[in-house]
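Residue numbers (this note's numbering), protein chains in the order written: chain A, 52 to 309; chain B, 123 to 386.
For every residue, glycine included, the Cβ atom is placed at its ideal position computed from N, Cα and C.
Just below is one structure, and these are the notes that go with it.
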Amino acid sequence: MLEYDFMINAFLASGIVAIVAGAVGYFLVLRGQAFAGHALSHVGFAGATGAVLIGVSPIWGLLGFTLIAGMGMGALGQRLAGRDVAVGIVLTLALGLGLLFLHFYTAYATQVTALLFGNVLGVDRATLWTLLALGAGALLALGVIARPLLFATLQPELAEAKGVSLRFVSLVYLAIVAVTVAECVQIVGVLLVFTLMVGPAAAAGRLSTRLSVAVALSCALALIEAWGGIALAYWTDWPASFWITALSGAFYFISLLR
Amino acid sequence: MTAVEFDNVTLALGGRRILDAVSIAVREGEFVAVLGPNGAGKTTLMRAILGLVPAAAGDIRVLGAPVRRGNTAIGYLPQLHRPIDGLRLSGWEFIASTAQGHRWGIPHLDARARRDVAAAIDLVGAGDLARRPLAQLSGGERQRIMLAQSLLGGPRLLLLDEPLISLDPNHQQAVVELVSRLHRELGIAVLISAHEVNPLLGVIDRVLYLGNGSAALGTVDEVITGPVLSRLYGAEIEVMRVGGRIFVMAGAHDLEHAEHRHDA
């Protein structure tokens, strides 16, 4: 399996993304913002198709749109809490916009499937380096804000009283989420971002009472799911994204038994 | 020196005057119950002491210094608004997230911070509770953990916002006894807001009753009287004492209990 370059690239790319998604996603679940992550990926779809239309690599359009939307959400902060309807409408609007962009750029059916459901076996060297740089940036930023982020998440009123700027922390965190979403789309696609960002984190959160253990477990589960999915895809010739979602679902449901 | 001093303080939220030219002084080491109808400004008062709500007029002094945000000499137990979700993080993690939580970096505690957390947990006697997932604790147990968190860093003033809300009488009593013991042992000033005074009778030094934009601070006998409360509620209030308990009545309604039900 490892005699093929595209397989090595797939393992490396999904490995990078899994670790970032596992760590960033844990806080997403903790903050009850899983839906925001889902919405960001849909907004990214419009960005990616728009980028293709004007001849730019889709990852940059994706990243641009998720970043703008993520920071917008972060700036709105508490006012966005419980606005499921508003978020839902923005995400469908973005998907619709993506559809329109595709309408004008008809030649790209495989590209659409790749965007929606991922194409981990098609990752090239250049994309790999981009993923590594973005992932390192996201983890570094998370490392800087993790402590106030945790405080603001678990006890917002108290954190505010102790001088933490809830809005700033939320803004930076959602920017990190936006980058992570853009990374995940390269592996599992716009529609399946949940599987790497939320599935492992939710399972890990149910399995440990300790923060450090839960974050490490979240990363480990994401890694097992991503690599396991690719290996199973190699042996069965079924889509890798399917296997990743299957493993992610299986781990989550097993964690529920506890 | 006073623990909290309001000099002609006006607090406004969204254009509405919560407190209007109020002057009060809570002494150091004093245990004061903050009472009043819903919306009277109990939470706003605490947020003002924390520096989160600026005074529209007047001066607020906390422990002898002008009010400021991020004052580590204040311990704070916010009212729980958010249901705690299905994650299994332990009580220890909640307490630990408070220690140095405002600093940048990854949430790792050094040895000193760990000792602080352990000492705070010891103070409230929550050693076993702290290892269990917070989401699985009862309301009273959770308040015990949250109290430990408010004691981190050795505060000289504790602000407890409705710690008794939605607890049954037994658990209310346990929390009151715990707070009373902490107040005696640590010798720190405590402001505790509540819907009714009865669970706190016998342990508090004075009450601060808010209503109608004004405030009355004094002993239970001075403040919880028909004339004073009629002024604060802006309605005819009758105070009845039955078997060591106090009932605040407007017409045939028991106000404090009615509010309690309303909120729970």
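The shortest C-alpha to C-alpha distance from F128 of chain B to any of B:G158, B:D343, B:D283, B:A177 is the one to B:A177. Within the same chain, and ignoring the five residues on either side of M362 of chain B in sequence, the residues whose Cβ sits closer than 7 angstroms to its Cβ are F369, M371.
Counting along the chain, the unbroken alpha helix (DSSP H) around M58 of chain A starts and ends at 56 to 81. At a cut-off of 8 angstroms between C-beta atoms, H224 of chain B counts as an interface residue with respect to chain A. The straight-line gap separating the alpha-carbon atoms of F57 of chain A and A267 of chain A is approximately 28 angstroms. For the options A:W278, A:Y303, A:S221, the alpha carbon positioned closest to that of R198 of chain A is the one of A:S221.
With respect to chain A, the C-beta atom of Y198 of chain B has a partner C-beta closer than 8 angstroms. In summary, no residue of the region 228 to 246 of chain A has a CB separated from any CB of chain B by less than 7 angstroms. Less than 8 angstroms separates the beta-carbon of A72 of chain A from that of T231 of chain A. With fewer than 16 other CB atoms across the displayed protein chains lying within 10 angstroms of its CB, E344 of chain B is exposed. In the same chain as E360 of chain B, and ignoring 5 residues on each side of it, the C-beta atoms closer than 7 angstroms to its own belong to G348, M371, in chain order. When Cβ-Cβ separations below 8 angstroms define contact, G256 of chain A makes contact with chain B.
For V264 of chain A, the number of other beta carbons within 10 angstroms of its own is below 16, and it is reported as exposed.
For N292 of chain B, the enclosing alpha helix (DSSP H) has its first and last residue at 291 to 308.
The region 150 to 238 of chain B is shown to contain whole alpha helix (DSSP H) runs of 4 or more residues at 164 to 171, 213 to 220, in chain order. When the Cα atoms are used, P291 of chain B and L322 of chain B turn out to be separated by approximately 12 angstroms.
For the 8 angstroms CB-CB criterion, F86 of chain A and A145 of chain A do not form a contact.
Taken in chain order, the complete alpha helix (DSSP H) segments of 4 or more residues contained in the region 166 to 223 of chain A are 176 to 205, 207 to 212. For D129 of chain B, the uninterrupted beta strand (DSSP E) run begins and ends at 124 to 135, by DSSP. One thing to note: V68 of chain A has its Cβ no nearer than 8 angstroms to the Cβ of L308 of chain A. At a cut-off of 8 angstroms between C-beta atoms, I196 of chain A counts as an interface residue with respect to chain B.
Each residue's CA atom was taken as its position, placing I287 of chain B and T166 of chain B some 17 angstroms apart.
With a threshold of 8 angstroms between beta carbons, I146 of chain B makes no contact with chain A. The secondary-structure analysis by DSSP pairs M371 of chain B across a beta bridge with B:E360, B:D376.
Under the criterion of beta carbons closer than 8 angstroms, E234 of chain A and L185 of chain A qualify as touching, at roughly 6 angstroms. For R328 of chain B, no alpha helix (DSSP H) run applies; the uninterrupted beta strand (DSSP E) run containing it begins and ends at 328 to 333, by DSSP. For G340 of chain B, the secondary structure class from DSSP, reduced to helix, strand or coil, is strand. Here Y303 of chain A is buried: its Cβ has 16 or more other Cβ atoms, across all protein chains shown, within 10 Å. Closest by C-alpha distance to A61 of chain A, out of A:V171, A:F155, A:L225, is A:V171. Judged by beta-carbon spacing, V131 of chain B lies within the 8 angstroms limit of G180 of chain B, meaning their Cβ atoms are closer than that value.
Within the region 88 to 143 of chain A, the complete alpha helix (DSSP H) segments of 4 residues or longer fall at 109 to 127, listed in chain order. Ranked by Cα distance from F168 of chain A, the options A:A291, A:G300, A:A301, A:A297 are led by A:A291.
For I314 of chain B, the uninterrupted beta strand (DSSP E) run begins and ends at 311 to 315, by DSSP. Counting C-beta pairs closer than 8 angstroms gives three or more between the region 308 to 327 of chain B and the region 274 to 281 of chain B, which meets the contact rule. Assigned with DSSP and collapsed to three states, L247 of chain A falls in helix.
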